[in-house]
C-alpha cells in the first residue's frame, strides 16, 4: 500500500520533498498545503491539489505523514507540535540548542493524539548526528570534529544582507584543509574556531555604497564573523546571479580514538557529504525517515523520535531478508 | 548495574574484547573460555578466570552476553547457534554470502531459548553495511562503491603462504587512488575489479626456493590474484618481522546519487575507516552492539538481529536525553 504524503510549506524544502517522493515506489504525494494564496503556488507535479493550510483538518484521514517544511526560528516550534496533534509529522528542526525543548513539546502533542513525530531530520542534525553517535559508542576514548562546507550558510548570508549598502550577498563556510589533514592524521589536535573554518563572502553593493564600511561591518560582526578569518569579494549583480545562486553544501564528521590496553592503536572514522543541493539532500533523508516513522507507528509507537531512535533497516524499501542478503 | 561479559575464544578478537570492555563504565569481563588448555592461555587482565569451554554450562546464570570470537569458515557456523541456545551471544561472522543461512540457524536457536543474538558485527559486515543501507535509503537513484585498504587481507596472505617455497607472506589490498577520485567526482564510473584495487605482497622465501616460480604462482592464482595487478616483493625475514607484523586495515564506502525532478543534482556520501588494528576496532564495535543487544533483550526481544536492526541510541552509554542535547 502506498503511504500518503502531504507537504506543509512549499519552498526549497517542499520542492525537495516533492522530488524525493517521486523516487520511491511506496509513497505518493497527495496534497500540498501553504500559508499563501494557493493560486500563487506552482508545484512541479500535475494533478496534486495545492490548498490553504486552513483546509488541512479536512484531510485528517487522508494523510499518513505530513512533512512540515518551515524555518527553525519561528515556524517549526509552533507548527510541528500543533500539527502533531492531528497528523503523523516529520520536520527538519535544526537549531541544535533548542532540540530538547522542541522534542518535549512535540512529544507531548503526539503522545496525546496517538500520533508519531520525527524531528530534526536531515544531515546536521541528522546523518552527522548518527555518525557522531556511532563513532562515540565504538571509540569512547577519542575526540570529535565536525567541519562544514564548502557551502552556503543561509544565516550568515542573511546577516550580511542586513548591512546598510548591501544589495545581495552569499556567505560560504570553508573548512581549512590543514586542519582537516591534522585531524585525519589521528593526532587529535586542539583547534580554535579560527583554525577550523574560514568565511568567504560575495557581496553586491547598492549604488554609492561604501565598500570599506561594508567590509569592516562584516569582518567585525559579533558571533557571526569576528572569530573567523573572513574574505570579502565585491562583485557585480550579473556575476552574483551567474555564479552564486546554488545551494551546494557538505561537510565532514571525524572521530579519532584509541584502543588497546595501553592506547597503542589509533583509529580514524570519517563521514563526509558533498551535496549539490542542500535542500534536496535534506529532504531525501526526510523521506527515508518518514518511511521508518510509519513502520514504527505500525508497531504501535507514538510520541516524538529522532534519527537516533530508528533501526536503519526501517529506512529502506527492501525487506530485512533482502538487506541481509545484499547490503549487509 | 554492570553487564557481565564473557569471551569464548582468546585470539586477536578475544584480546580486543578484553580491551574494549575496559573502556566502558557499564560492562565487566567475568570469564574467558577457551578450547585450549586454560593453563596455556595468558590474558591481560588480572583475576579473571580462564576456563575450558567444557565448563561453560555452569556459567549459564552468571553471564549477560557471551562474545564468540572465532573464525567464520568453520567456528562460528557451529558455535554461535550452539551457544545461542544457552546464552545471549554476539559474533563477527563475516562471510557475506552465508549470512542468510547463519542468521536463520542462530535465529532458530535463540528464539527457542528465549535469548538474543547479534551476528556479523564489525566494520564489513558492520559499519560499512550500515552506511550502505543509510546511503541507499536516502539516495535510491545512485550507485554504491566499496574500497578496502590499504590493509592486510588474512585470506590472501594465507593463500600465498600455501605456495611451495614460501616461508612467510603478507598481502595488502590497496585501493587505486584514481578510481577513488573518479568515484568521488560523482561521475558514477563503471569500474572493473582490476581498476578498483591492486594487491601488494611481501614474501619471505625458504632457502633455495625459486622466486620466479613463486611470483608466477601468486600472480596467476584463480579468484585470489588473477583479476588484479599484483606486485610481489621478496624480503628478508628480519624486514618482514620488523615492517609487516601489524594488522592495520580500513576502507571506503561511497554512494553517489541524483536528486531533483530532472536528476540535476549529484551528491556524494563517503564513509571511511583508517584503522591501526583491525581486530581492536572490530571488537570495539562488538562491545557497543553488545550493549544495544542487552537493551533490546530487556525490552523483550529474542532471536537473531544484525546491526541494521539496532536503534543507534542503544549503542551509547548516554541516555536519549543526553544524546539529543549533546550529539544530535
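Residue numbers (our numbering), protein chains in the order written: chain A, 1 to 328; chain B, 1 to 328.
The beta-carbon is built from N, C-alpha and C at its ideal position, and this holds for glycine as well.
inquiry  = What does the alpha-carbon distance come out to for the pair residue 61 of chain A and residue 184 of chain A?
reply    = Working through the first chain from its first residue, we reach residue 61 of chain A at position 61. Working through the first chain from its first residue, we reach residue 184 of chain A at position 184. A direct Cα-Cα distance of roughly 51 Å separates residue 61 of chain A from residue 184 of chain A.
query = With a cut-off of 8 Å, do at least 3 Cβ pairs link the segment 85 to 104 of chain A to the segment 280 to 297 of chain A?
reply = In short, these stretches touch, since the Cβ pair count reaches three.
request  = Would you check if the distance between the CB atom of residue 20 of chain B and the CB atom of residue 211 of chain B is smaller than 8 Å?
outcome  = As a working mapping, residue 20 of chain B is identified with position 20 in the second chain. As a working mapping, residue 211 of chain B is identified with position 211 in the second chain. For residue 20 of chain B and residue 211 of chain B, no; Cβs fall outside 8 Å.
key: Neighbouring residues, chain B, relative to residue 275 of chain A (Cβ below 7 Å)   = Looking up residue 275 of chain A in the first chain gives position 275. Contact annotation for residue 275 of chain A against chain B: 267 [CB-CB distance below 7 Å, chain order].
request  = Measure the C-alpha to C-alpha separation of residue 277 of chain B and residue 218 of chain A and round it to an integer number of angstroms.
outcome  = Within the second chain, numbered from 1, the residue matching residue 277 of chain B stands at position 277. Within the first chain, numbered from 1, the residue matching residue 218 of chain A stands at position 218. If I take the Cα positions, the gap works out to 47 Å.
key: Assigned secondary structure, residue 61 of chain B (DSSP; H/G/I helix, E/B strand, else coil)   = As a first step, residue 61 of chain B must be located in the second chain, where it is residue number 61. It is coil, neither helix nor strand.
ask   = Leaving out five residues before and five after residue 107 of chain A in sequence, what residues of the same chain have Cβ atoms less than 6 Å from its Cβ?
value = For the purposes of this step, residue 107 of chain A is taken as the residue at position 107 of the first chain. Closer than 6 Å at Cβ, skipping near neighbours: 303, 304.
request  = Determine, using beta carbons only, whether residue 174 of chain B comes closer than 8 Å to chain A.
outcome  = By one-based count along the second chain, residue 174 of chain B stands at place 174. Chain A, which has no Cβ nearer than 8 Å to the Cβ of residue 174 of chain B, makes this no.
ask   = Helix, strand or coil: how does DSSP classify residue 56 of chain A here?
value = Counting from one through the first chain, the residue named residue 56 of chain A turns up at place 56. In this structure, residue 56 of chain A counts as helix in the three-state DSSP scheme.
query = For a contact meaning CB atoms closer than 8 Å, what does residue 23 of chain B contact in chain A?
reply = Counting from one through the second chain, the residue named residue 23 of chain B turns up at place 23. Correct list: 140, 141, 259.
query = residue 265 of chain A to residue 44 of chain A, Cα distance in whole Å?
reply = Mapped onto the first chain, residue 265 of chain A falls at position 265. Mapped onto the first chain, residue 44 of chain A falls at position 44. Residue 265 of chain A and residue 44 of chain A: Cα-Cα distance of roughly 53 Å.
request  = Under the assumption that residue 255 of chain A contacts residue 105 of chain A (Cβ atoms under 8 Å), give the Cβ distance between them as a whole number of angstroms.
outcome  = For the purposes of this step, residue 255 of chain A is taken as the residue at position 255 of the first chain. For the purposes of this step, residue 105 of chain A is taken as the residue at position 105 of the first chain. That belief does not hold up - the Cβ atoms of residue 255 of chain A and residue 105 of chain A are roughly 31 Å apart, past 8 Å.
inquiry  = Taking only three categories from DSSP, how would you classify residue 187 of chain A?
reply    = Mapped onto the first chain, residue 187 of chain A falls at position 187. When secondary structure is reduced to three states using DSSP, residue 187 of chain A falls in the coil class, being assigned neither helix nor strand.
request  = Go ahead and pull the three-state DSSP assignment for residue 129 of chain B.
outcome  = In the second chain, counting from the first residue as 1, residue 129 of chain B sits at position 129. DSSP places residue 129 of chain B within a helical segment (H, G or I) once states are collapsed to three.
request  = Evaluate the contact criterion for the segment 143 to 162 of chain A versus the segment 310 to 319 of chain A: three or more CB pairs, one atom per stretch, below 8 Å.
outcome  = Using a C-beta cut-off of 8 Å, the segment 143 to 162 of chain A makes no contact with the segment 310 to 319 of chain A, since fewer than three inter-stretch Cβ pairs fall below that distance.
ask   = Does DSSP put residue 249 of chain B in a helix, a strand or coil?
value = Counted from its first residue, the second chain places residue 249 of chain B at position 249. In this structure, residue 249 of chain B counts as strand in the three-state DSSP scheme.
ask   = Got a sec: which bits of the segment 82 to 103 of chain B sit with their beta carbon under 8 Å from any beta carbon on chain A, in order along the chain?
value = Near chain A, meaning a CB-to-CB distance below 8 Å, the residues of the segment 82 to 103 of chain B are 96, 99, 100, 103.
request  = Step through the CB atoms of chain A and report whether any lies within less than 8 Å of the CB of residue 306 of chain B.
outcome  = Along the second chain, read from residue 1 onward, the residue named residue 306 of chain B stands at position 306. Yes, residue 306 of chain B lies at the interface with chain A (some Cβ there is under 8 Å from its Cβ).
query = Buried or exposed: where does residue 213 of chain A fall if 16 or more other Cβ atoms within 10 Å of its Cβ makes it buried?
reply = Start at 1 with the first residue of the first chain, and residue 213 of chain A comes out as number 213. By the Cβ-count criterion, residue 213 of chain A is exposed, with fewer than 16 other Cβ atoms from all chains shown falling within 10 Å of its own Cβ.
query = Alpha carbon to alpha carbon, how far is residue 56 of chain B from residue 100 of chain B?
reply = Residue numbering aside, residue 56 of chain B sits at position 56 when the second chain is read from its first letter. Residue numbering aside, residue 100 of chain B sits at position 100 when the second chain is read from its first letter. Answer to the nearest angstrom: the Cα atoms are 27 Å apart.
In DSSP terms, what residue 330 of chain A is bridged to = This structure leaves residue 330 of chain A out entirely; chain A is present only between 1 and 328.
task = With DSSP as the reference, label residue 69 of chain B as helix, strand or coil.
result = Your numbering for residue 69 of chain B matches position 69 in the second chain. Per DSSP, reduced to three states, the secondary structure at residue 69 of chain B is coil, with no helix or strand assignment.
message = Can you pull out the residues from the segment 213 to 224 of chain A whose beta carbon lies closer than 8 Å to at least one beta carbon of chain D?
response = Of the chains in the structure shown, none is chain D; the protein chains are A and B.
ask   = residue 170 of chain A to residue 76 of chain B, Cα distance in whole Å?
value = For the purposes of this step, residue 170 of chain A is taken as residue 170 along the first chain, with counting starting at 1. For the purposes of this step, residue 76 of chain B is taken as residue 76 along the second chain, with counting starting at 1. The alpha-carbon atoms of residue 170 of chain A and residue 76 of chain B are separated by roughly 57 Å.
task = Kindly list, in the order they appear in chain B, the residues whose Cβ is closer than 7 Å to that of residue 181 of chain A.
result = Here residue 181 of chain A is taken as the residue at index 181 of the first chain, counted from 1. Ordered by position in chain B, no residue passes the 7 Å Cβ test against residue 181 of chain A, which lies about 13 Å from the chain.
inquiry  = Which residues in chain A have a C-beta closer than 7 Å to the C-beta of residue 19 of chain B? List them in chain order.
reply    = As a first step, residue 19 of chain B must be located in the second chain, where it is residue number 19. Per Cβ cutoff of 7 Å: 259, 260, 261.
Closest by C-alpha distance to residue 231 of chain B, when choosing among B:177, B:203, B:79, B:85 = On the second chain, residue 231 of chain B is found 231 positions in, with the first residue counted as 1. The shortest C-alpha separation from residue 231 of chain B is found at B:203.
task = Pick helix, strand or coil for residue 147 of chain A, following the three-state DSSP scheme.
result = Working through the first chain from its first residue, we reach residue 147 of chain A at position 147. Residue state, collapsed to three classes: strand.
task = Taking C-beta pairs closer than 7 Å, name the residues in chain A that residue 154 of chain B reaches, listed in chain order.
result = Counting from 1 along the second chain, the entry for residue 154 of chain B is found at position 154. Those within 7 Å of residue 154 of chain B in chain A number zero; the least Cβ separation is about 17 Å.
ask   = Assuming residue 317 of chain A contacts residue 25 of chain A under a Cβ cut-off of 8 Å, what Cβ separation, rounded to an integer in Å, is found between them?
value = Taking the first chain and counting its residues from 1, one reaches residue 317 of chain A at position 317. Taking the first chain and counting its residues from 1, one reaches residue 25 of chain A at position 25. That belief holds up - the Cβ atoms of residue 317 of chain A and residue 25 of chain A are roughly 6 Å apart, short of 8 Å.
message = Quick check on residue 243 of chain A - is its C-beta less than 8 Å from some C-beta in chain B?
response = By one-based count along the first chain, residue 243 of chain A stands at place 243. The C-beta of residue 243 of chain A comes no closer than 8 Å to any C-beta of chain B.
task = With DSSP as the reference, please indicate the residues paired to residue 1 of chain A in a beta bridge.
result = If you number the first chain from 1, residue 1 of chain A lands on position 1. DSSP, once it has assigned bridges, lists no residue as partnering residue 1 of chain A.
ask   = Does the pairing of the segment 123 to 131 of chain B with the segment 226 to 242 of chain B give three or more beta-carbon distances under 8 Å?
value = Between the segment 123 to 131 of chain B and the segment 226 to 242 of chain B, the count of C-beta pairs closer than 8 Å stays below three; the two stretches do not touch.
inquiry  = Below 9 Å on C-beta distance, what does residue 133 of chain B contact in chain A?
reply    = On the second chain, position 133 is the one that residue 133 of chain B refers to. Here the neighbours are 312, 313, 315, 316, 318, 323, 327, 328.
message = Just checking: is the beta-carbon of residue 28 of chain A within a distance shorter than 8 Å of some beta-carbon in chain B?
response = Walking along the first chain from the start, residue 28 of chain A turns up at place 28. Not a single C-beta of chain B is nearer than 8 Å to the C-beta of residue 28 of chain A.
task = Select from A:270, A:228, A:275 the residue whose C-alpha is nearest the C-alpha of residue 246 of chain A.
result = Position 246 of the first chain, counted from the start, is the residue given in the question as residue 246 of chain A. Of all alpha-carbon atoms in A:270, A:228, A:275, the one lying nearest the alpha-carbon of residue 246 of chain A is that of A:275.
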